[in-house]
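Per the numbering used here, the sequence shown runs over residues 13 to 374. Below is one structure, written out as structure tokens, with a few remarks after it.
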Amino acid sequence: MGIFWTLSLVMSYFQLSWQRVFTKKPNAYPRCPPQRIGTKKPICVITGATSGIGAAAAYDLSKEGFYVVLAGRSSQMLSKMIEWIHKKNKDAHVQAFEVDLSSFQSILKFKDSLEKWLLDSDMHVSVQLLINNAGILAASHRLTEEGYDQMMGTNYIGAFSLTKLLLPLLKNSPVGSRIVNVTSFTHRNLFNVQIDKETVVGKCLSRSKQYPFSHIYEFSKLCLLMFSYELHRQLHSTDESCKVSVIAADPGVVETNIMRELPSCVSRMTFIALNLLGLLQSPEEGASSVIDAALAPPVSSCANLSFCSSQEISGVYFFGGKGRTLNSSALSHNIRLAEKLWRSSSDLFLESKLTSARTYTS
């Protein structure tokens, strides 16, 4: 795992250097302040916001003028996070909701609570920024309430379901809105995959005697990346005036607690080796790609950039900070596979909605 992931990371940085030296096309976007809705702050929903990249991004976005909605599994951690942000930024506007992204019922409850809060707070019933950041690296096979592999359920299916449920709020925004999916360079380790409902829920992937956690993590991040591109195509092929943009952000390797389920000696040696190679980042450094993606301006407002057109920046992959973008793997751009992923994910979403409706009425 470690060697192949390191090679994928080095390849990504090499590609950045190649673009800078050998291509004339600019590949970096400036950051643009978020648009207010009248006198109201724009709303940013960020998952996995109680530690690591999510916590760093939440703080940065509160400084940029967003009303930040923290979404996480632990009410205690969410309360501590609010205190921490207010301590560092006394002018911050922060709200928090519990949500377990491996549970469709929990996601549905979060969506309802968010809508109620927007109405009760006399705010515009819309969301301007959704950051799907939550993710886990599970060392053992566990199932969600729906019977899905927990890593696939949290890293991909939960993000897909949350995005589908919040899409009406994003479309209802009077200003441009954006979805940022936090993916990973590890997707480059996959060269040929089968996509159907069985693989998306992780059933056939986790049947081996030894749980292939690194492969499932890579696959979950590939799915999230392909979903980003396909959602971009779905939104903008049917409606050229669509103001919802979709961007993938890859923070690289960040010193967080994501490897907490692995033996401590493994995570410690991994971080030491990556630090010696100059590839290990702090959460604040890693969050820079996420903030770049969140604040990349509508292209129409970047008249000084030679690659601008009249369209919103959407369907791109941010990596390496400093507003830089990169080409993800060829497999991630496979439209046929992306369409199969969309159909399989949509079927699972519909099944979860029907099950939820039956539970509610019974």
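Glycine included, C-beta positions come from ideal geometry on N, C-alpha and C. Every value quoted in this text rests on a predicted model; they were computed, and no experiment measured them.
Taking the Cβ atom as the reference point for each residue, do S138 and S185 lie within a distance shorter than 7 angstroms?
Yes. Within cutoff.
Just tell me which of K75, S340 and R280 has its CA closest to the CA of S24.
Distance check between S24 and each of K75, S340 and R280 places S340 closest, using alpha-carbon atoms only.
Neighbour-count burial assignment, E210, 16 or more Cβ in a 10 Å radius
Exposed, because fewer than 16 other Cβ atoms sit within 10 Å of the Cβ of E210.
Validate contact between the stretch 112 to 132 and the stretch 164 to 171 using beta carbons, cut 8 angstroms, 3 pairs:
Contact holds: three or more Cβ-Cβ distances are below 8 angstroms.
Going straight from the alpha carbon of M135 to that of L126, what length do you get?
Within the model, the alpha-carbon separation for M135 versus L126 is close to 11 angstroms.
Three-way DSSP call (helix, strand, coil) for N167 in this model:
If DSSP states are grouped into helix, strand and coil, N167 belongs with the helices.
Just verifying my parser: in three-state terms, what is the DSSP assignment at I97?
I97 falls in the helix class under three-state DSSP.
CB A306 to CB V187, shorter than 7 angstroms?
No, these two residues do not count as a Cβ contact at 7 angstroms.
Quick one: give me the first and last residue of the beta strand (DSSP E) that V81 is part of.
Here the beta strand (DSSP E) through V81 covers Y79 to G84.
I'd like to know whether the C-beta atoms of A83 and F109 end up nearer to each other than 7 angstroms.
Closer than 7 angstroms, so yes.
Quick one: measure Cβ to Cβ for N269 and S63, integer angstroms, because I've assumed they're closer than 8 angstroms.
With 8 angstroms as the limit, N269 and S63 qualify as a contact, their Cβ atoms being about 6 angstroms apart.
Beta carbon of V81, beta carbon of L73: below 7 angstroms?
At the C-beta level, V81 and L73 stay beyond 7 angstroms of one another.
Using alpha carbons as the reference points, say which of K221, D304, V57 and G77 lies closest to R48.
Selection K221, D304, V57 and G77 evaluated against R48 yields G77 as nearest (Cα-Cα).
Report the residue from Q140, S326, M89 and S344 whose alpha carbon sits nearest the alpha carbon of N204.
Residue S344 is the option with its Cα nearest to N204.
Note down the Cα distance separating P295 from G60, rounded to an integer number of angstroms.
The alpha-carbon atoms of P295 and G60 are separated by roughly 13 angstroms.
Scan the stretch 261 to 348 and note each continuous beta strand (DSSP E) run of 3 residues or more that stays entirely inside, going in chain order.
You should have 328 to 331.
By the 10 Å Cβ neighbour count, where 16 or more other Cβ atoms means buried, how is I15 classified, buried or exposed?
Counting Cβ neighbours within 10 Å, I15 comes out exposed, since fewer than 16 surround it.
Neighbour-count burial assignment, L366, 16 or more Cβ in a 10 Å radius
Taking every protein chain shown into account, the CB of L366 has fewer than 16 other CB atoms within 10 angstroms, so this residue is exposed.
Where A260 and G298 are concerned, what is the direct C-alpha to C-alpha distance, given to the nearest angstrom?
CA-to-CA, the gap between A260 and G298 works out to about 14 angstroms.
Where does I148 fall in DSSP's three states?
Here I148 sits in coil by DSSP.
Proximal residues to N316 (C-beta, below 7 angstroms), its chain only, five neighbours per side dropped:
Residue confidence for N316 is low, a pLDDT of 43 falling below 50, so the modelled location carries little weight; the figure read from the coordinates is stated next. Short of 7 angstroms from the beta carbon of N316, and not among the five residues preceding or following it, lies no beta carbon of its own chain.
Can you give me the C-alpha to C-alpha distance between K183 and W129, rounded to a whole angstrom?
Distance between K183 and W129, taken at the CA atoms: about 18 angstroms.
Excluding the 5 residues preceding and the 5 following V22 in the sequence, name in chain order all residues of the same chain whose CB lies nearer than 7 angstroms to its CB.
Answer for V22: no residue qualifies.
For I65, three-class secondary structure by DSSP:
If DSSP states are grouped into helix, strand and coil, I65 belongs with the helices.
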